[in-house]
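Report on the structure given below.
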Amino acid sequence: MPRYLGLDSSTQSLSAVVIDTDSGKVVLDESLNFGAALPEYASPSGFLEHADPRVKHSDPLMWVDALDRLLALAKASGFDWGSVAGVSGAGQQHGSVYLSTPLAKARAWSSGEPLARQVAPLLSRKTSPIWMDSSTSAECREIAAAVGGDDAVTRSTGSRAIERFTGPQIRKFFKEAPAAYESTAEIHLVSSFVAGLLTQSSASIDYGDGAGMNLLDLESLAWNQKLLDATAPGLAERLRRPVASATVVGAIAPYFVEKYGFKTGTPVVAFTGDNPSSLVGMGATEPGTAVVSLGTSDTVFAAMRAPKTDPRGFGHVFGNPAGGFMCLICYSNGSLAREAVAKKVGLDWPAFERAIVEQTKPGNSNNLMLPFFVPEITPRLPSPSVGLFGTPEFESWQAPPLAARAVVEAQALSMLRHSDWIGERPKTILVTGGAAKNRGILQVIADVFQAELRTLAVANASALGGAVRAANAVGRHGFADLAARFSAPDAARAVRPTPGSERAYDALREAYAEKLARLG
Ligand code: ADP
Ligand code: XUL
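Using this note's numbering, you'd call the opening residue of the sequence shown number 74 and step up by one each time.
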């Protein structure tokens, strides 16, 4: 049967999309929110509370449990997992899982017991640092110094040593818990961990997600030995060799055959990062189309023919799962900042949307917000910094509509400013992520970029990307053909710039740049 499953284990949820390449239809589109469905993990937003705001970890068993739950839910609602011919997927980038026994050597999963209970004894580290963690500045400095400075790291890996990247996180673990590091036999990214669960094998990391570790040399597509040595001793033995994204890493484990009815031997293709996967799901694997993803993080990305790095040192180069590379800029104050403002001024999402579309105007009458509710990645800000500049009413949080527009305008201005190194300003932008259903947010981005915004019918581009990658690698369907069938933008929902908004941001853009410069 020509059906392919894509999974996306992201910050706040696990999603599954199944495509049928005969009918050209999406036949399953399910999501399970960690906070709501698995309250026992005390992670309402997908991560654990910590006294230090820079430390952000998740319980990897929550991701394992979510996999069991989602597969069970779809089965209970009548979905036939036996109809799936291939599986792939994605994980939130940079997060890492530490095992004392390699997955391939663990006792065969028993379908009579929940998977999380069988994985728990394999963990050499109970929690997983995730992409929101910004606690490794010292390790970044140490790694860069050991290999000849930030430029040397950027030249090899496409990014400076970055706090949330896996290498600095591994180094911190090695320094803080040397015995636990010593007992670690295998280190996974979230993506390779989920692929490893599905196949009960030590699934390799792909080039797309591997590039987010500060360890992968983009020219040779192999781990950089100097960076491995600068990160932690014996690291090469704890990582499998990275593979091309289209590699089949194994067959589905008997656990999933017995418990959920998958067909024996169903191939599983290497998982990748959620952003590289979204590039595929958005049908944007060829250079020339920019994508804005409005998830927990906001990201801006596009395919590139050759790696090109950000002179300001904020952007990254990852592998494009369809071949070549992609560039990416990531903002930690995405949905979390919009949610913080909405909560503070008492607006639900429909009211937030109306505030922008009906009650305020482009340029927000020069009311400006610095929207850094959590430490920011782009630009790098180690401490939160929230500020309001404008009318007294606005500055005292007494003007909810102006506050709603201000947070989104600040985010869009930052996207415009920090994406200038990618190349020409795009005329059309594809948009995805949970917040892409908010027309107010889309309108602001359209006005700031003076570009048309297009969304897809399927909300979860990353899970769709997994299904498309499985159809490509297993079913031999071309990416262009799959994009035309599954990633066609919904023309009725295109958002064009507000007439006359061309100059609306001139003053605000300057004022914002000046405020950012003062933050250092
Ligand atoms: P992730 O994949 O990173 O877990 P999603 O892409 O699923 O995240 O997006 C989740 C976010 O979408 C939520 O945190 C929420 O703030 C935001 N969101 C959902 N609906 C709306 C809406 N109507 N308007 C604005 N934001 C929304
Ligand atoms: C990208 C990044 C985030 C995560 C979570 O570099 O850190 O976008 O992938 O989605």
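Note that CB positions come from ideal geometry on N, CA and C, so glycine has one too. These numbers were taken from a predicted model, which means no experiment stands behind them.
When you compare each of the options to residue i by their alpha carbons, which one comes out closest?
| i | options | result |
| --- | --- | --- |
| THR84 | LEU176, VAL364, LEU409 | LEU409 |
| GLU587 | MET442, SER183, PRO570, GLY538 | MET442 |
| LEU401 | PRO380, VAL418, GLY168 | PRO380 |
| ALA147 | TRP296, SER183, GLU103 | GLU103 |
| SER560 | LEU589, TYR171, ARG542, LEU529 | LEU529 |
| PHE467 | PRO499, LEU288, VAL418 | VAL418 |
| ALA258 | GLY164, LEU195, SER173 | SER173 |
| SER264 | ASP81, ARG385, ARG76, ASP95 | ASP81 |
| ARG385 | ARG198, TYR77, ASP224, GLY285 | ASP224 |
| PRO394 | ALA532, SER229, SER318 | SER318 |
| ASP302 | THR337, ARG378, ALA218, PRO349 | ALA218 |
| ALA508 | LYS434, TRP204, ASN439, ALA415 | ALA415 |
| ALA376 | GLY368, THR369, GLY396, SER366 | GLY396 |
| SER366 | ALA534, ALA565, GLY97 | ALA534 |
| ASN348 | ALA326, LEU289, TRP422, ASP279 | ASP279 |
| GLY79 | LEU262, GLY548, MET205, ALA540 | ALA540 |
| SER207 | ALA544, THR451, ARG142, PRO499 | THR451 |
| TYR404 | ARG490, THR339, GLY548 | ARG490 |
| THR230 | PHE246, GLY281, ALA565 | GLY281 |
| TRP136 | SER183, SER184, VAL160, LYS199 | LYS199 |
| ARG142 | VAL170, ILE216, ASN106, LYS129 | ASN106 |
Measure how close the beta-carbons of residue i and residue j come, nearest whole angstrom, since I'm counting them as under 8 Å.
| i | j | result |
| --- | --- | --- |
| LEU420 | ALA413 | Actually they do not touch by this definition, with Cβ atoms about 12 Å apart. |
| TRP494 | ASP383 | 5 Å |
| PHE391 | MET399 | 5 Å |
| VAL226 | ASN287 | 6 Å |
| ALA67 | GLY162 | Any answer about residue 67 is impossible in this case: the structure gives the chain only from 74 up to 593. |
| THR304 | ILE260 | Not quite, the Cβ-Cβ distance comes to about 11 Å (not below 8 Å), so this is no contact. |
| THR272 | GLY323 | 3 Å |
| SER574 | PRO448 | Not really, about 32 Å apart at Cβ, beyond 8 Å. |
| GLY548 | PRO75 | 6 Å |
| ALA567 | TYR77 | The pair is not a contact, with the Cβ atoms about 28 Å apart (cut-off 8 Å). |
Going straight from the alpha carbon of residue i to that of residue j, what length do you get?
| i | j | result |
| --- | --- | --- |
| LEU352 | HIS550 | 17 Å |
| SER86 | LEU140 | 10 Å |
| ALA189 | LEU134 | 5 Å |
| LEU144 | ALA115 | 22 Å |
| LEU291 | GLU186 | 41 Å |
| THR501 | ALA524 | 5 Å |
| ASN511 | LYS299 | 46 Å |
| LEU589 | VAL480 | 14 Å |
| ALA276 | ALA268 | 6 Å |
| SER458 | VAL316 | 40 Å |
| ALA556 | ILE92 | 12 Å |
| GLY506 | ALA532 | 6 Å |
| ALA110 | PHE120 | 14 Å |
| ALA623 | VAL342 | With the chain covering 74 to 593 only, the question about residue 623 has no answer from this structure. |
| ARG558 | GLU583 | 42 Å |
| ASN437 | GLY513 | 13 Å |
| LEU454 | PRO306 | 30 Å |
| LEU515 | ALA357 | 19 Å |
| GLY285 | HIS389 | 8 Å |
| VAL90 | ASN297 | 35 Å |
| ALA158 | SER131 | 31 Å |
| ASN440 | VAL517 | 14 Å |
| SER150 | ASP563 | 28 Å |
| MET205 | PRO175 | 26 Å |
| VAL430 | ALA477 | 10 Å |
| THR433 | GLY346 | 37 Å |
When DSSP builds the beta bridges, which residues end up paired with residue i?
| i | result |
| --- | --- |
| ARG527 | LEU503 |
| VAL160 | LEU78, VAL341 |
| HIS130 | PRO202 |
| VAL316 | ASP279 |
| PRO444 | VAL459 |
| PRO562 | LEU529 |
| VAL568 | LEU526 |
| ASP290 | ALA295 |
| TYR595 | Past the boundaries of the shown model lies residue 595; the chain is included only from 74 to 593, so the question cannot be answered. |
| SER169 | LEU262 |
| GLU449 | LEU454 |
| VAL90 | GLY79, ASP102 |
Between residue i and chain C, is the shortest Cβ-Cβ distance under 9 Å, so that the two count as touching?
| i | result |
| --- | --- |
| LEU441 | Of the chains in the structure shown, none is chain C; there is only one protein chain. |
Subject >> Cβ contact (3+ pairs, closer than 8 Å) linking the region 309 to 317 and the region 358 to 366 >> reply: No contact exists between the region 309 to 317 and the region 358 to 366.
Subject >> Stretch-stretch touch, CB-based, cutoff 8 Å, three pairs: the region 482 to 489 with the region 575 to 585 >> reply: These segments touch.
Original post:
Who's in the neighbourhood of ligand 3, going by beta-carbon under 5 Å from any heavy atom, listed in chain order?
Top reply: Absence of ligand 3 from the depicted structure is noted, with ligand 1 and ligand 2 being the only ligands included.
**OP:** Evaluate contact between the region 248 to 257 and the region 109 to 128, counting only Cβ atoms and requiring at least three cross-stretch pairs below 8 Å.
**Re:** Here the region 248 to 257 makes no contact with the region 109 to 128; the two share fewer than three CB pairs at distances below 8 Å.
Original post:
Are the region 208 to 218 and the region 171 to 181 touching, with three or more C-beta to C-beta distances below 8 Å?
Top reply: Per the Cβ contact rule, the region 208 to 218 is not in contact with the region 171 to 181 (fewer than 3 Cβ pairs under 8 Å).
Original post:
Quick check: the region 326 to 334 against the region 150 to 169, are there 3 or more CB pairs under 8 Å?
Top reply: Judged by Cβ distances under 8 Å, the region 326 to 334 makes contact with the region 150 to 169, as three or more pairs qualify.
Original post:
Three or more beta-carbon pairs under 8 Å between the region 234 to 243 and the region 158 to 167, yes or no?
Top reply: Yes, since at least three Cβ pairs between the region 234 to 243 and the region 158 to 167 fall closer than 8 Å, the two stretches touch.
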